[in-house]
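Same order as they appear, the protein sequences are chains A and B.
Following this note's numbering, the residues of the first sequence are numbered contiguously, the last one being 1397.
Following this note's numbering, the residues of the second sequence are numbered contiguously, the last one being 1765.
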Amino acid sequence: MRISGEVMTKKRNDKSDTDLLGLYRKMRVIREAETALSGLFANNEIPGFIHLSLGQEAVAAGVCDALRDGDTLASNHRGHGHALAQGVSLDQFFLELFGKDGGICRGRGGSMHIADMSVGMLGANGIVGGGLPIALGSALAHSIKKSDQVAVVFFGDGALGEGAVHEVMNLAALWNLPLLMVCENNGWSEFSRSSDQIRAEIGDLAKAFSIPFERVDGTKVRDVRSMTADLCDRLRTGQGPAILECLTVRWHGHYEGDPQKYRAEGDQETATSTDCVALERDSLIGDGFDAATLDALDAEVKAEVEAVVIAARNGASPSFATALGDVHRNTIGSHHV
Amino acid sequence: MSDTRYGRAITRALNDAMEADPSVIVMGEDIGAVGGPFGVTRGLQKSFGSERVRDTSISEAAIVGAAVGAAMTGLKPVVEIMFMDFTTFTMDALVNQAAKAHFMFGGQVSVPMVLRTPHGGGINAGPQHSQCLEAWFAHVPGLKLVCPSNPADAYGLMRAAIDDPNPVIFVENKAMYGTPGKLADDPEPVEIGKARRARAGSDVTLVAYGAMVAEAIAAAEVLSAEGVEAEVLDLRSLQPWDKDQVLASLSETHRMVIVHEAGVEFGIGAEIAAHVADAGFDELDAPVLRVGAPHMPVPFSRELEAEYRPNANKIADAVRRVMQ
């Protein structure tokens, strides 16, 4: 076990050009999708409320890019990036956010409940810390089935005040389960500084439960990816759980429309000055990719999001009778991922 | 046909389900090596190993939440919560996660898990180890809820609960674990949602479940000597409950008393009475009465608890009122 207080700068240089562009594209899709959502929400087109992960794209993209088919993922309320990086289709994602029948959850869940069993996405979650016990159980299932799959859960630093999170750390360690707990540390617990709410550092909690812990700069997508891959390699060989802390920044408020009066003057400007997507773009240029290639990719993603938004806006509404008749699974069928 | 007991019948159901399906696992606090505080899981770990019959830490929120995640990943977990009072810690996993996953995710997935837990008083276990909290779960769309009154139904409902693709709360009565009964050599599942006529009668319908079925039958025997023949329906399932059979019985007897050990206020009986007052209004010759616990915590002392709990005398008194 190693408790690392230093931001990791380890590089994994085994990514092909296509993989690097794919990784960048994942971030770009999240950025464009959430930027579009911010505008659509302000325009009163998206029902309910949404929590954007703008600024945190590198964590979702880096972690999910390191996973394999059959791995499972539980997410949280700020989960758009996790869903898109894990492979939820962009059109079904937007249809769900618009509350349409063609949405991935048929318009019944919305932003906080995006799930797609076909890609192992067990669901975003409206309950802070709610994904951790679910991921623990998914890891238990992988273990009992003797597979080499892993379960991953994303949670924020604000979730550390929830008791169930500590129960999960204990059981994951006790049972030596293939569970990767990814803490996206953006410094905020909803409307408060996490340092005003949580006494313990997650690294110290990891140590208390004898769980291997790593911390990475969560704005550097390649570092996130390579560290996730390394940790998953250990998990797949039965070496028990791990905790990965990704230091990142939250550009927007807790929810979209949050006036953020709790945020000190200049704080938001400081946060947005760290742009993980731009950082990776610079890295790609440094690697020799030409700007025109990246411009074309950016334009393609932007156009794709624009087209999907138009289609989702015009999607069919769900039927109340169908929803009412679907409270239970009525026939015994294939339920598992 | 062989002799068994309520608790043993559940053990056999768990055993048979685990034999039939390798995806069935059992977990809970001290359920493995020790066999659970009431001995319901005794012997299972020896037969199926500590992977599938898993002792957990005292972490109700995490183990029930883990059951949800395991169920979504292909297992059929059966979790024991040692006392129903401790389900307070499991509420997020049950109410926000298990109950809603199928609906909320557009029907992509279901959560085939069972939560077993004993309710009820009668053993002076006091305010935090005696409660009947089933109405809480009956109120949550997406959860099913059963409560057997005898060994054969305990077996059959457990097999049905494990087979069900939805989350099922399986409520046992801790005072009944030693209750004797018969079990078929090759017992069948009992369909969830179907009541059972425990006693035939034409003058009044007693609707009960769990430990109160025996009390209702005892009351019916007393009333029979007075010339009143009570029909006793054992609900067996509380969510969904057998509206058709309850209304069919009412249409024969025209009078109804609903009995449960749980508190009367805002309880299962209130729901049944309200439904009967609506759908069965034309059949009623008397007000529907409820017999249950008063609105107070379950008290500890023998004398206080005895007065707190419903029994055959209280049921007979209620029947005499509706017969007037």
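Every residue, glycine too, gets a C-beta built ideally from N, C-alpha and C.
Asked: A/PRO1378 to A/GLY1346 span [Cα, whole Å]; Found: 48 Å
Asked: Integer-rounded CB distance, given that B/LEU1688 should sit under 8 Å from B/ALA1720; Found: 6 Å
Asked: Burial state of A/MET1006, where buried means 16 or more other Cβ atoms lie within 10 Å; Found: This structure gives no information on residue 1006 of chain A, because the portion of chain A shown stretches from 1061 to 1397.
Asked: Candidates B/ALA1593, B/CYS1573 and B/PRO1592: closest to B/LEU1586 by CA position; Found: B/CYS1573
Asked: Interface flag, B/GLY1490 vs chain A, CB-CB below 8 Å; Found: no
Asked: 8 Å contact criterion, which B/ASP1533 and A/ILE1187 should meet: CB distance rounded; Found: 6 Å
Asked: Within the segment 1633–1679 of chain B, ranges of the alpha helix (DSSP H) (whole runs, at least 4 residues); Found: 1653–1666
Asked: B/THR1528 Cβ short of 7 Å to the ligand FAD heavy atom set; Found: This structure lacks the ligand FAD, and indeed carries no ligand of any kind.
Asked: Below-8 Å beta-carbon distance, B/ARG1750 vs any chain A residue; Found: no
Asked: Inter-residue spacing [alpha-carbon to alpha-carbon] between A/LEU1291 and A/LEU1240; Found: 8 Å
Asked: 8 Å Cβ cutoff, B/LEU1516 in contact with chain A; Found: yes
Asked: Inter-residue Cα distance where the pair is B/ALA1636 and A/ASN1104; Found: 50 Å
Asked: Beta-carbon proximity check, A/LEU1182 vs A/ALA1232, cutoff 8 Å; Found: no
Asked: DSSP state of B/PRO1621 mapped onto helix, strand, coil; Found: strand
Asked: Per-residue burial, A/ALA1102 [other beta carbons within 10 Å of its own, 16 or more giving buried]; Found: exposed
Asked: Rounded C-alpha distance that separates B/ALA1714 from B/VAL1648; Found: 10 Å
Asked: C-beta atoms of B/ALA1450 and B/ALA1616 nearer than 8 Å; Found: no
Asked: Nearest-angstrom Cβ-Cβ length linking B/ARG1495 and B/GLY1476, presumed shorter than 8 Å; Found: Contact flag wrong, Cβ pair sits at about 13 Å.
Asked: Residue-level contact to chain B via CB, A/GLU1227, 8 Å cutoff; Found: yes
Asked: Same chain, Cβ closer than 7 Å to A/ALA1371, five either side skipped, listed in chain order; Found: ASP1151
Asked: Segment contact flag, the segment 1627–1635 of chain B with the segment 1594–1601 of chain B, C-beta cutoff 8 Å, min 3 pairs; Found: yes
Asked: Within-8 Å CB hit, A/PRO1107 to chain D; Found: Of the protein chains in this structure, namely A and B, none is chain D.
Asked: Closer than 8 Å to chain A by CB, B/ALA1502; Found: yes
Asked: Within chain B, the residues that A/ASP1386 reaches when beta carbons sit closer than 9 Å; Found: HIS1543, PHE1544, GLY1547 and GLY1548
Asked: Within chain B, partners of A/ILE1187 - CB distance below 8 Å; Found: ASP1533, ASN1537 and GLN1538
Asked: Check whether B/PHE1530 and B/HIS1570 have beta carbons under 8 Å apart; Found: no
Asked: Residue environment, A/GLN1116, which counts as buried when at least 16 other CB atoms sit within 10 Å; Found: buried
Asked: Euclidean distance between Cα positions of A/ASN1230 and A/GLN1209; Found: 20 Å
Asked: N-terminal and C-terminal residue of the alpha helix (DSSP H) that A/MET1287 is part of; Found: 1281–1296
Asked: Buried/exposed call for B/PRO1582, threshold 16 Cβ in 10 Å; Found: exposed
Asked: Given A/ALA1093 as reference, the closest of A/LEU1081, A/GLY1313, A/HIS1140 and A/ASN1246 once Cα atoms are compared; Found: A/HIS1140
Asked: Neighbourhood of B/PHE1527 by C-beta, 6 Å cutoff - its chain only, sequence neighbours within 5 removed; Found: GLU1501
Asked: Every unbroken alpha helix (DSSP H) inside the segment 1084–1114 of chain A [4 residues or more]; Found: none
Asked: 8 Å Cβ cutoff, A/ARG1166 in contact with chain B; Found: yes
Asked: Residues near A/ASP1386 by beta carbon distance below 6 Å, same chain, minus five either side; Found: none
Asked: Proximal chain A residues relative to B/ILE1466, where beta-carbon distance stays under 7 Å; Found: ILE1204
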